[in-house]
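As structure tokens, the structure follows; a few thoughts come after it.
Numbering (the numbering used here), first residue to last: 22 to 86.
Here it is in structure tokens:
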């Protein structure tokens with residue numbers, strides 16, 4: 022599960038440079054759009070929790086600490 026999640030967040034291109042005789046990769050906007058949405062669905066809730074917990078704690082304790 023974690024491996025597929027991590028591999029879903031890498032750039033979809035080969036690591037080595039292609040020779041001149043090889044045709045360049047085609048632009049796959051649909052696949053890249055899905056990857057952006059999938060990554061956003063992971064990153065935004067994570068950072069909302071990491072950066073938003075002080076606001077949640079202030080609301081929970083209501084200034085009583």
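Don't be surprised by glycine CBs; every beta carbon is placed ideally from N, CA and C.
Rounded separation between residue i and residue j - CA only
{"i": "residue 22", "j": "residue 60", "result": "14 Å"}
{"i": "residue 80", "j": "residue 73", "result": "11 Å"}
{"i": "residue 55", "j": "residue 85", "result": "45 Å"}
{"i": "residue 30", "j": "residue 45", "result": "22 Å"}
{"i": "residue 76", "j": "residue 51", "result": "37 Å"}
{"i": "residue 66", "j": "residue 26", "result": "15 Å"}
{"i": "residue 82", "j": "residue 28", "result": "40 Å"}
{"i": "residue 78", "j": "residue 64", "result": "21 Å"}
{"i": "residue 48", "j": "residue 71", "result": "35 Å"}
{"i": "residue 43", "j": "residue 69", "result": "43 Å"}
When the options are compared against residue i, the one with the closest alpha-carbon
{"i": "residue 32", "options": "57, 64, 63, 85", "result": "57"}
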